[in-house]
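Have a look at the structure below, then the notes.
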Amino acid sequence: MILNFIENLLASGVKLAAPLWLTATGETYAERAGVINIGLEGMMLAGAFAGMVVSYFSASPWPGLLAGMLAAMLLAAVFAVLTVHFQADQIITGAALNLVALGLSGFLFRHIFGVTGAALTATSFPTLELPGFAGIPILRGLLSRQPVLLYAALGLVPLAAFVLNHTHLGLAIRACGEQPAAADTAGRNVFRLRFGCVLFSGLLAGAAGAYLTLAHANTFVEGITAGRGFIALALVIFGRWQPLGVFFASLFFGCANALQFQFQARGYDLPYQFFLMLPYLLTLLVLVFSTRGRQAPAALGKAYRRS
Amino acid sequence: MRAFLRVWIIKLAPAVIAFAVATLLAALLLLVSGYQISLAFRALLEGAFGSAYALSETLVKSIPLLLTGAAVALAFRAGVWNIGAEGQLLAGALAASALAATFSAFGGMTGVLGIALLLLAGGVAGGLWAGLAGVMKTRRSVPEVVSTILLNFIAIELVRYAVHGPLMETAGQFPQSDALDASLRLTRLFPPTRLHAGLWLALVIAVLCYLLIQRTVFGFEMQATAANPRAARFAAIDTARVQLFSLIISGAVAGLAGVIELAGVTYRVYDNFSPGYGYTAIAVALMARLNPLAVIFSALLFGALENGAAAMQRQANVSAVISYVIQGLVVLTMAVAGGVTLKSNAART
Chain A
1 MILNFIENLL ASGVKLAAPL WLTATGETYA ERAGVINIGL EGMMLAGAFA
51 GMVVSYFSAS PWPGLLAGML AAMLLAAVFA VLTVHFQADQ IITGAALNLV
101 ALGLSGFLFR HIFGVTGAAL TATSFPTLEL PGFAGIPILR GLLSRQPVLL
151 YAALGLVPLA AFVLNHTHLG LAIRACGEQP AAADTAGRNV FRLRFGCVLF
201 SGLLAGAAGA YLTLAHANTF VEGITAGRGF IALALVIFGR WQPLGVFFAS
251 LFFGCANALQ FQFQARGYDL PYQFFLMLPY LLTLLVLVFS TRGRQAPAAL
301 GKAYRRS
Chain B
1001 MRAFLRVWII KLAPAVIAFA VATLLAALLL LVSGYQISLA FRALLEGAFG
1051 SAYALSETLV KSIPLLLTGA AVALAFRAGV WNIGAEGQLL AGALAASALA
1101 ATFSAFGGMT GVLGIALLLL AGGVAGGLWA GLAGVMKTRR SVPEVVSTIL
1151 LNFIAIELVR YAVHGPLMET AGQFPQSDAL DASLRLTRLF PPTRLHAGLW
1201 LALVIAVLCY LLIQRTVFGF EMQATAANPR AARFAAIDTA RVQLFSLIIS
1251 GAVAGLAGVI ELAGVTYRVY DNFSPGYGYT AIAVALMARL NPLAVIFSAL
1301 LFGALENGAA AMQRQANVSA VISYVIQGLV VLTMAVAGGV TLKSNAART
């Protein structure tokens, strides 16, 4: 009974968590390189929108995923050019890109599909049952019949952790975020590394957005991301700028969120608005109570100028 | 005279360029999407300025933008990233509406004193809502960029809860609060237009914000904190206190925007009470280069844009959300123009 409960919780928790850790992993790279990308929300939205449109017309989720990643990367490239090369303020540029993405996706969506009101259905990802997990308790919940994209997202986590912590590339990235001048002196191209990390964060935010339309909601509505990009920002802090930490933070968050469905299903007498509020409330609480030993990259948010 | 003109041209140039670039790109977007640009832009201009009524509606839209814009400018001047004007506005409107409901339940306040109490309640609520983010920032080093945004989402759900629950109208039909008592409404200046006396209040508050920043010790401390927090601490400025109070004052001004919108225009609180004034406020503040007096003009411009975009949607079938694109592009151009970058980079730490 209790095992069953945990398995159900994990099964829906991991589904809710996947777009979060995808986005937060990319943001971890950007922030470790010294760039804070507030535009994640807009990039997710761009990914969700492009994913929906392309999968709808191509009747396959894969081109949709690709289009979502490209659309978000395009926004990320604009962000990177402005902040890394023109040294525009990162917070302001990110906030502006969110507005642009919200307006653009809303405008184009109505332009392409009209104000129909009838919900369109995206061609979504198939689910996949991994053989061999059916007999293992707990893991069975995590890995049974999930969307294909979710397995890829899971595979990304150890890879991202390894590259960031155990390779020369990862070391160079971390140096850019701590002491860009020193990294520059040591012959690392700070501008190119930061540019690359921002593009990577865009790519993953786009994939997360496409996940929302193609593996979660199976449709697109204006503002479908509902603040997930901002929650991802918080999860990077909660996960202490480490891919593994970010993954577990997201999983915790996804499961806590899945818990609300269990509560609702059991008919607890609480107004539903409290359940809608829960993810944001929880994020705030976690940030308030997880300060110990937390250290942001030293050069986070500061444009690097060669002097 | 010549020199005077040159100074003003230099001051205004980034804003003018930003708006021109944004409009041009939006026009390009319309063109590519196959709309008739001349039709769309004529609808926009006529919707914003074409008649006395259109003009009055532009002013009506500008009032909340002026207040939230001043609020955002104030916080940014202290190097505090208040992205939460939307939530603070809602907190203000909600508190005022709750107070009005208790008035009518206990047969209490009416008239000028009643309105003053509503303003007080809204200002305090907005200030507290922002203050939450302020305390989290100064005590637990939670970045206010994240916390103020999350508080926006929470405020939206709080409003939803209130108008479906405790504050729902007595008729019980729609998810909205009861209409304000007639004596608690702000005077309409030129009926039948909806332009209301909140305009004067908003202008006064913007001037007060300007004076606070430019003419007081606290304003100096705000700017010092933004420019270089470490240096400010060496100069015996309690930067944490400055940041906390900047956020609280900023939130209070945004809260007042909510009350004034409630008492001047809507009379009720409901879902989607604010069509994103608190987010547009960021564009308003940045276009004014964080000067509360200049915010008066940029609020007017964005008010016209909001109002005109609605007309464009009705007449030329162009989705009004395109105004977000223009806002975003204005901010991007201003960010590149760099007027704002100088202060902010040092302020993050």
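Residue numbers (my numbering), protein chains in the order written: chain A, 1 to 307; chain B, 1001 to 1349.
We put the beta carbon where it would ideally sit given N, CA and C, even for glycine.
Secondary structure at GLN1176 of chain B: strand, using DSSP grouped into helix, strand and coil. Taken through DSSP and simplified to helix, strand or coil, TYR1270 of chain B comes out as strand.
For PHE1153 of chain B, the chain A residues whose Cβ falls inside 7 angstroms of its Cβ are GLY227 and TYR280, in order along the chain. Boundaries for ASN1291 of chain B: no alpha helix (DSSP H) harbours it, and the DSSP string shows neither H nor E there. Between ARG188 of chain A and chain B, the shortest Cβ-Cβ separation is not below 8 angstroms. Between the segment 1058 to 1077 of chain B and the segment 1251 to 1258 of chain B there are three or more inter-stretch CB-CB distances shorter than 8 angstroms, so the stretches are counted as touching. Listed in chain order, the positions of the segment 1129 to 1162 of chain B with a beta carbon within less than 7 angstroms of a beta carbon of chain A are MET1136, ARG1140, SER1141, VAL1142, VAL1145, VAL1146, SER1147, ILE1149, LEU1150, PHE1153, ILE1154, GLU1157, ARG1160 and TYR1161.
For VAL148 of chain A, the closest C-alpha among the options A:ILE91, A:PRO180, A:ALA183 and A:ALA207 is that of A:ALA207. B:LEU1090 is the residue among B:LEU1030, B:ARG1002 and B:LEU1090 whose C-alpha sits nearest the C-alpha of ARG1160 of chain B. A direct Cα-to-Cα measurement between TRP21 of chain A and ASN189 of chain A gives close to 28 angstroms.
Taking all protein chains in view, the Cβ of ASP89 of chain A is crowded by 16 or more other Cβ atoms within 10 Å, so the residue is classified as buried. Excluding five sequence positions before and after GLU178 of chain A, the CB atoms of its chain that fall closer than 7 angstroms to its own CB belong to PRO297, ALA298 and ALA299, given in chain order. Taking 8 angstroms as the cut-off, the Cβ atoms of ALA1043 of chain B and GLN1214 of chain B do not count as close.
Under DSSP, the beta-bridge partners assigned to GLN146 of chain A are A:LEU128. In the DSSP annotation of this structure, the continuous segment of the alpha helix (DSSP H) that includes HIS111 of chain A starts and ends at 90 to 113.
Cβ proximity to chain B below 8 angstroms picks out PRO271, GLN273, PHE274 and LEU276 from the segment 243 to 276 of chain A.
ALA33 of chain A sits away from GLY51 of chain A, with the two beta carbons spaced by 8 angstroms or more. DSSP, read as helix, strand or coil, puts ARG306 of chain A in coil. With respect to chain A, the C-beta atom of ALA1048 of chain B has no partner C-beta closer than 8 angstroms. DSSP links HIS1196 of chain B through a beta bridge to B:ARG1188. Contacts between ILE1282 of chain B and chain A, judged by CB atoms closer than 7 angstroms, involve ALA95 in chain order. Annotation for TYR304 of chain A: PRO180 and VAL190 place their beta carbon closer than 6 angstroms to its own, counting only its chain and skipping 5 residues before and after. Residue burial annotation: THR83 of chain A is buried, with at least 16 other C-beta atoms found within 10 angstroms of its C-beta.
Collapsing the DSSP output to three states places LEU1167 of chain B in coil. Contact annotation, VAL14 of chain A with GLY254 of chain A: C-beta distance approximately 6 angstroms; criterion of less than 8 angstroms satisfied.
The residues GLY141, in chain order, have a CB closer than 6 angstroms to that of ALA11 of chain A in the same chain once the five nearest residues on each side in sequence are set aside. Around the CB of GLN1327 of chain B, 16 or more other CB atoms lie within 10 Å, so the residue is classed as buried. For TYR1324 of chain B, a Cβ of chain A is located within less than 8 angstroms of the residue's own Cβ. DSSP places ILE224 of chain A outside both helix and strand once states are collapsed to three, so it counts as coil. Using beta-carbon distances, TYR1279 of chain B counts as an interface residue toward chain A, with a partner under 8 angstroms. LEU154 of chain A and ALA24 of chain A have their C-alpha atoms some 13 angstroms from each other.
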